[in-house]
Structures are given as structure tokens and as C-alpha cells.
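Enquirer: Taken in order, these protein sequences are the chains called A and B. So the first sequence is numbered by our numbering: it starts at 51 and just counts up by one. So the second sequence is numbered by our numbering: it starts at 51 and just counts up by one. Backbone N, C-alpha and C define an ideal beta-carbon position, used for all residues, glycine too.
There are 2 protein chains.
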Amino acid sequence: MNVLIVYAHPEPTSLNGSLLDFMVKRFDSGGHTVQVSDLYAMKWKPVLDADDFLNREPGAPFDAMRDSGRAYAGGQQTADITREQEKLVWADAVVMQFPLYWYSMPAIMKGWVERVYAYSFAYGIGEHSDKRWGDRFGEGKMVGKRAMLLVTAGGWASHYSQRGVNGPMEDLLFPIQHGILYYPGFDVLPPFVAYKIGQGRVDAEHYASLTDSLGKRVDEFWSTEPIPFRPQNGGDYDIPALTLRSDIAPGQIGFAAHRTDIQS
Amino acid sequence: MNVLIVYAHPEPTSLNGSLLDFMVKRFDSGGHTVQVSDLYAMKWKPVLDADDFLNREPGAPFDAMRDSGRAYAGGQQTADITREQEKLVWADAVVMQFPLYWYSMPAIMKGWVERVYAYSFAYGIGEHSDKRWGDRFGEGKMVGKRAMLLVTAGGWASHYSQRGVNGPMEDLLFPIQHGILYYPGFDVLPPFVAYKIGQGRVDAEHYASLTDSLGKRVDEFWSTEPIPFRPQNGGDYDIPALTLRSDIAPGQIGFAAHRTDIQS
């Protein structure tokens, strides 16, 4: 299988750098082909702006949606964007690896999403009617591909637990797992999260336990059950309001209502 | 009062550009002094990296926390970072205005947070013991200041409602409102959110209703009740686990448990 790892950490000798190397080798020894988009090393341009699109009318107001759609359709995106889109098309699996910065992905990775996820490529696809609302949330160009987050956090697991002060990690990751990965059609595996990894705090035993768990996740990548998010156009939602039908998970609200495996 | 607006939209003639102008004038006519950090116009550097800190040992591995703390303490941050920190110190109120990109703030604004929120400035402050876990979540350098998000979204309000497919807007904004604003001590006002604002979809009537509501929010900025998040060191949490005490909001989990006004 083809594996794309999108990676954002500024320091190659960090724990993240080691986990990346470990994961690449492990996929490799499983017979898979790996490409890494190392965003810091590539000096990835993080800001979506008019310079991304080569066929804009000079002086016209910039509209991210319209301009990205036109450039994608006309083959007039910058080469760096096209290259990343080709990697996504090539990949059977995508891992996004990053340290949690202020409760989300680093800016450089957010900018990868904003620029690579062009209109007509990752969104703005399919019919919008009273039966369907675009090919998204379970449909879209990434259908049949798997994705997983690998996240490191300085805080403790308890700080990110159901009643932890930071909010539950699953909820903090929902906008990414559901809104960025499930949206264009990925099957999203449960995240791999390493807690309490601040400076000097990962000793040999901790590291061995991390690589042991991560190795298993890599080995079981193709058989792991994805998070059972609800497909948008599968009957669970009223369209176009896009609210859960009253007989689906009655009384449930919030992120968890969009998975079939959690009852409040 | 002193008002800082941190603004991220690539196109000045956009709806966001108009709302910014409107808001600046309204604060101004209320007798307040406004500064705008227009991140796209400033060509804000969005990536936190070793170049941000002028006193690093050559060749030493980069550590964002350690290096930013040292540079902050030694007055060796780049001028753009220092300038934004000074604006935050100057401000009595901060508005962060942005279009929702992939369920969060644009990369350029995320990069503002990552670079301006230095160690010892916005985090890593105060005692860590079994009684207190740093000056954060209700304490910190921004205590006494107010903050508000102004967010525009292409989707409909129902898509972001309690049972809407995107997840509730309040929950999508929790990592920002709680994790970025309440963390260093801001009182966070309820967000101002404009829905369904895609291309050509805001007619004169819609625009009038938006500016009418926004004007009221500006006029009432100093008397609006902040979101009642729970202070971390105020007795509601076990320390250092940082989980809610069992007698506080018993049975409640998730983001809402960290506010005193929502019962599940």
C-alpha cells in the first residue's frame, strides 16, 4: 500500500522526529511504500493567498473558493499545491503527525490543509439538493483511503480526559478528524496520542512503550476499525438543514452524536 | 479603552473587510482607541521556528518552549513578536476576527498565536504544586482584559447547531475561546458569528442586520457577561490531575463541563 505521512515538527532530533523515523521503517518493513511531506523541511508556504493561483484576473478581488476552483480546474495551481494533491491521490493511507500547539495542529500544517484542499478537489463536489448536500462527510475524493492522526502533547492524559481541564482529546481532535479527514471521505482510525512528552520527560522505558504501541498501530493499520462517523447523505440527517433526524440518537447533542458508537 | 483587533482575511473588499471597518469606526465613536493587526496586510510570518529567537546557541536543537522562554526573558525575540506582545499588554480588549477555514482559524492567525504567545508571557507562568498548576485558565498576564471572537462561516446556522453535522459552533470554538483566550486570563465574551456569508449571499438586508447586531455588541462590550468558564486553581479541579472534582457538575463530561452555566 502507499502511505503518505504529513509531518510538522521544527526539530529533527525531537521525539517527533524519532517517532517519524520509527513509523517510516515500520511501514516499510511491512512492504508498504512511504512518502513523507516534512513541512518544516520543505519550508511549506502556509498562507493561502492570491499567489497560489496563476490564472487570476489582474486586480480582481481575491476569493479563495472561486479562485482555487478555477485554478484547480484549469491546471493553474502552483506546483507545490499540485504535488501534494498528487500525493493524496496516490496514497492509500495518510498519517498526519504533529505536536499539539494550542489545542490544535501547528499553523504550518493548517496551511497545508487550506492550500492543498482546493475547491473541486476536497470540497465543493457533487449535487446540492434536498436529497444530498455535496459529496462530503463520508463521500468525496478520499473514499476508500484511511487516515490517522499521530499527536504528541506536553500535558498529562488526565488533563485531556472526559473531565480534564483541557477538554477530552477526542473532542479537541473532532474538527480535524471529522471536519478535515472524514469530510473528503477518509475512513478515520482512532488517533495515536502520546502524552507528557515535554523536554527530557521521555525516558527509555516510556519511549519503548510508545514505539511498541505505535508499531502495533502500524501493523494493524489495515484491519483497525475506523471511527464510526455518520455519513451525511446516508439518511441520518435532514437535508438541507443537516441536523440529525429526530429519531436518530434522540436527545444527544454535540460531537459525539455524529458517531454511532457513543450513547450519552 | 484600548482595543486590539487581530484580523485575518486576504481580501480587503470582502464582507470581513467591511465588518472590520464598521467595527473600528464603532469602537472609535465610542471613544475607544483601536489598533488593528491585519495579518495578511502585514505579511505576518506564520511559522514558529528557530529564526524567531536571536540568542540561540548556534547548532543547538530547537526547542520551542525553552528557546522562546529564553528569548522572551533576554529581550531577544524578533521585533514583530515583541510588537504584538506590546499591543496585547496595551489592550484592554482584544477581538480576533476571521473566516472559519476548515472548522478553525486561518493558518496565519494560528501562527500569530504560536509566535506571540511566548513561554513566560502567555504560558509557563506561576507555581506548579499540588495547590496550583501555573497561572492559567482564569489567571495569567491577560487578567482584567476582555476578548471576543468575530467569526464568519459559509455554512448555515443549522449546520452548526446542537445536532448539526459540523458540530455546535460553541464546541468548535472551545479550543480557541478556552484554550487560547481563557488560558492566559482573558474574560471571553460570547462570540459574534455570521452564518451563510458565501459569495454574493449577503444582500443589503442581511448586511444591515449583521452591522446592527455587531454595533450592539460593540456598544455593550464592557457590560456583556463573559462565558463563565471555571478557573483552574479556584477549587473546582483536583490538582495535579486537573480533572473536575467529583462533586462538581457530577456526571457531566466534555467541553460544557468547564462552564458553570450549562447543565447536561
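Can you tell which of A:P218, A:S263 and A:I175 has the C-alpha that lies nearest to the C-alpha of Y233 (chain A)?
Expert: A:I175
Enquirer: When the Cα atoms are used, what is the spatial distance from K246 (chain B) to K181 (chain B)?
Expert: 46 Å
Enquirer: Determine which residues of the region 115-148 of chain A have a Cβ less than 8 Å from any Cβ of chain B, and write them out in chain order.
Expert: M115 and R116
Enquirer: Give a yes or no on whether the C-beta atoms belonging to I226 (chain A) and A168 (chain A) are separated by under 8 Å.
Expert: no
Enquirer: Could you tell me the boundaries of the alpha helix (DSSP H) in which S87 (chain B) lies?
Expert: Where S87 (chain B) is concerned, there is no enclosing alpha helix (DSSP H), although the beta strand (DSSP E) it sits in stretches over T83 to D88.
Enquirer: Would you mind giving the Cβ-Cβ distance between G304 (chain B) and D286 (chain A), rounded to the nearest angstrom? I have them listed as a contact below 8 Å.
Expert: Actually they are not in contact, since the Cβ atoms of G304 (chain B) and D286 (chain A) sit about 21 Å apart, beyond 8 Å.
Enquirer: Taking Cβ-Cβ distances shorter than 7 Å, what residues in chain A pair up with Q282 (chain B)?
Expert: V215
Enquirer: Which class does R251 (chain B) belong to by DSSP, given the choice of helix, strand or coil?
Expert: coil
Enquirer: Is A212 (chain A) close to chain B, meaning its C-beta is less than 8 Å from at least one C-beta of that chain?
Expert: Note on identity: in this sequence residue 212 (chain A) is Gln, with Ala being the wrong assignment. Yes, Q212 (chain A) lies at the interface with chain B (some Cβ there is under 8 Å from its Cβ).
Enquirer: Do D142 (chain B) and M51 (chain B) have their CB atoms nearer than 8 Å?
Expert: yes
Enquirer: Identify the contact partners of H308 (chain B) in chain A, using a Cβ-Cβ distance below 8 Å as the criterion.
Expert: V215 and G217
Enquirer: Taking the CB atoms as reference points, tell me whether Y292 (chain A) and V144 (chain A) lie closer together than 8 Å.
Expert: The residue asked about is misnamed: residue 292 (chain A) is Leu in this sequence, not Tyr. No, the pair does not count as a contact, with Cβ atoms beyond the cut-off.
Enquirer: Quick one: what's S154 (chain A) bridged to in DSSP?
Expert: A:Y151
Enquirer: Is the beta carbon of P156 (chain B) closer than 8 Å to that of E177 (chain A)?
Expert: Contact annotation: E177 (chain A) and P156 (chain B) have beta-carbon atoms that are not nearer than 8 Å.
Enquirer: Hey, A114 (chain B) and P60 (chain A): beta-carbon distance below 8 Å or not?
Expert: yes
Enquirer: Along the region 146-168 of chain A, what residues have a CB closer than 9 Å to any CB found in chain B?
Expert: P149, Y151, W152, Y153, S154, M155, P156, A157, I158, M159, K160, G161, W162, V163, E164, R165 and Y167
Enquirer: Determine, for H256 (chain A), whether the minimum Cβ-Cβ distance to residues of chain B falls below 8 Å.
Expert: no
Enquirer: Which residues of the region 222-235 of chain B have a Cβ closer than 9 Å to any Cβ of chain A? Give them in chain order.
Expert: Those would be L222, F224, P225, I226, H228, G229, I230 and Y233, in chain order.
Enquirer: When you compare only the Cα positions, how much space is there between Y257 (chain B) and G301 (chain A)?
Expert: 34 Å
Enquirer: On a CA-only basis, which of A:L89, A:A203, A:N216 and A:K95 is nearest F242 (chain A)? Give me that one, please.
Expert: Restricting attention to A:L89, A:A203, A:N216 and A:K95, the CA atom closest to the CA of F242 (chain A) is found in A:A203.
Enquirer: In chain A, which residues lie less than 7 Å from H209 (chain B) when you measure between Cβ atoms?
Expert: L292
Enquirer: Looking at the secondary structure, which residues open and close the alpha helix (DSSP H) in which A121 (chain A) lies?
Expert: Its alpha helix (DSSP H) spans residues A114 to A123.
Enquirer: If we cut at 8 Å on Cβ distances, does T202 (chain B) have a partner in chain A?
Expert: no
Enquirer: Listed in chain order, which residues of the region 59-77 of chain B have Cβ atoms closer than 9 Å to some Cβ of chain D?
Expert: Protein chains in the displayed structure are A and B, and chain D is not among them.
Enquirer: Quick check on DSSP: helix, strand or coil for I303 (chain A)?
Expert: coil
Enquirer: Along chain A, which residues have their Cβ under 7 Å away from the Cβ of A305 (chain B)?
Expert: The question names Ala, but residue 305 (chain B) is Phe in the sequence shown. Below the 7 Å Cβ cutoff, chain A contributes G217 and D221 as neighbours of F305 (chain B), in chain order.
Enquirer: Tell me whether V139 (chain A) is buried or exposed, calling it buried when 16 or more other Cβ atoms sit within 10 Å of its Cβ.
Expert: exposed
Enquirer: Measuring only the C-alpha atoms, how far is L200 (chain A) from Y210 (chain A)?
Expert: 15 Å
Enquirer: Can you have a look at N105 (chain A) and say buried or exposed, based on whether 16 or more other CB atoms are within 10 angstroms of its CB?
Expert: exposed
Enquirer: Can you name the residues that DSSP bridges to Q127 (chain A)?
Expert: A:F103
Enquirer: L231 (chain B) to S259 (chain A), Cα distance in whole Å?
Expert: 35 Å
Enquirer: Hey, could you find the ends of the beta strand (DSSP E) I55 (chain B) is sitting in?
Expert: N52 to Y57
Enquirer: Given this structure, state the Cα-to-Cα distance separating T261 (chain B) from V56 (chain B), to the nearest angstrom.
Expert: 19 Å
Enquirer: Using alpha carbons as the reference points, say which of B:Y153, B:L294, B:V74 and B:R196 lies closest to P276 (chain B).
Expert: B:R196
Enquirer: Could you tell me if S263 (chain A) is buried or exposed, where buried requires 16 or more neighbouring beta carbons within 10 angstroms of its beta carbon?
Expert: exposed
Enquirer: Run through DSSP, which three-state label would R76 (chain B) get?
Expert: In the structure shown, R76 (chain B) adopts helical secondary structure according to DSSP, grouped into three states.
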